[in-house]
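> I am attaching a structure below and will ask some questions about it afterwards.
Numbering (our numbering), first residue to last: -10 to 208.
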């Protein structure tokens, strides 16, 4: 009896062990399948993630290149504007420098001024004479020109007497000018009033001071 009971118990234990082994094997297989599925999903997601990262990187690089090109274009425009501004400032500075030298010469009492006319170098000498003498302009091809000024008795019409170099007084002729604008660029000088000259000089001096302040800030 006892042996029969032991035999039945052993059989039950063996059956339980077998069932446990089968259950463990089944669970292990299920776990392996799940791990395999997770690996596949992870691999697919990794591939998608790499593709997205690559696309984002390409987009960022493209935006960086476009931004760099735009900055280069803007920098070139700024350089061109700066060069043009410097060229204009240099021209203005040269003009102001020449005006300052001319102003100093006029203030110092120097009356001989050089100028260019028709590609030829000429000189103009200005002298003050008495009211009895008219305005005389004697002009030569490259020779010196003498311009003498005198007060005008008639303010409505302004006249000059032009005589050729080496000629007599009988060969002179009178040219009447109504406005200063018609004589501009013809080599005929019309005397202005002291108030007009003073106003022009003060305006030019103010311009010169303003440009000198600009050049000081630039330096």
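For each residue, glycine too, the CB sits at the ideal point set by N, CA and C. Please read these numbers as outputs of a predicted model, since none were measured by experiment.
#1: Within its chain, find whatever has a CB closer than 8 Å to the CB of residue 85; leave out the 5 residues flanking it on each side and keep chain order.
#2: Contact defined as beta carbons within less than 8 Å: I believe residue 64 pairs with residue 193. What is the distance between those atoms, to the nearest angstrom?
#3: Using only the alpha-carbon positions, how far apart do residue 187 and residue 181 sit?
#4: So is the beta-carbon of residue 15 under 8 Å away from any non-hydrogen atom of the ligand PLP?
#5: Which of the three DSSP states, helix, strand or coil, is assigned to residue 181?
#6: Cβ atoms of residue 204 and residue 78: under 9 Å apart, would you say?
To lay it out plainly:
#1: 196, 197, 200 and 201
#2: That belief does not hold up - the Cβ atoms of residue 64 and residue 193 are roughly 38 Å apart, past 8 Å.
#3: 10 Å
#4: Absence of the ligand PLP is noted for the structure shown, with no ligands found whatsoever.
#5: coil
#6: yes
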